[in-house]
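One structure is given below, encoded as structure tokens.
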Ligand code: MLT
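Residue numbers (my numbering): 2 to 203.
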């Protein structure tokens, strides 16, 4: 997968996996990584799917309607890419924290839904429930921050709360943070995520 890897100065820190939103690329979230943790290695990946020229991490059939077969395939592809990247760049495969926005948050959530060992935790900015009707793996020991919007037109508050409850039922520790700026990612939300991260990944 097309990506950027920036080696950090402290290899004991988690590697930050950055996953952009629809139409974005691997450059978009780099400024966020510095706000979360300045010593960590950063792996920023570009989604392999194109929708009218816009990169995404998996196909959708319509706004908010996911192509589940492609979601499953692309989640596996990303998980395997993480195996390869850890080997190639020599970072700890079991110490990855994903930071995703929108479509990137959805594939990060999908990693949690499908693979017990894919990531250690995640900051999900405006995610949806990636898939319904499946049993999640045991997510004990995983920590997840959800940045949600009370007036997000793409991900309703009900869906944000549903994602929180599904992750909690699988034993993940979840913090949900509410903003009132639609689907936008705001500085206030990034600051809240950074605050949470500092407490969880001391
Ligand atoms: C998705 O397709 O993953 C969500 O609808 C969010 C987005 O617009 O990317």
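By construction, the Cβ of each residue, glycine as well, lies at the ideal position given by its N, Cα and C atoms.
Whole-angstrom C-beta distance between residue j and residue i, which should lie under 8 Å
i          : j           : result
residue 76 : residue 108 : 6 Å
residue 46 : residue 27  : 6 Å
residue 6  : residue 90  : 5 Å
residue 57 : residue 104 : 5 Å
Which of helix, strand or coil DSSP assigns to residue i
i           : result
residue 180 : strand
residue 36  : helix
residue 31  : helix
residue 194 : helix
residue 75  : helix
residue 116 : coil
residue 7   : strand
residue 158 : helix
residue 52  : strand
residue 171 : coil
residue 42  : coil
residue 164 : helix
residue 58  : coil
residue 1   : Missing from the structure shown is residue 1; the chain here goes from 2 to 203 and no further.
residue 202 : coil
Close Cβ partners of residue i (< 6 Å) along its chain, the five nearest in sequence each way excluded
i           : result
residue 29  : 21
residue 146 : 124, 176, 194 and 197
residue 102 : 22, 126 and 186
residue 62  : 68
residue 43  : 7, 17 and 34
Cβ-heavy atom distance, residue i to the ligand MLT, below 7 Å
i           : result
residue 27  : no
residue 65  : yes
residue 49  : no
residue 103 : yes
residue 60  : no
residue 152 : no
residue 107 : yes
residue 155 : yes
Residue i: CB within 7 Å of a non-hydrogen atom of the ligand MN
i          : result
residue 22 : Of the ligands this structure carries, namely the ligand MLT, none is the ligand MN.
Own chain, CB closer than 7 Å to residue i, minus 5 neighbours either side, in chain order
i          : result
residue 40 : 9, 10, 11 and 14
* To do: Only counting runs of 4 or more residues, tell me where the alpha helix (DSSP H) segments fall wholly within the stretch 84-150, in order along the chain.
  => 104-115
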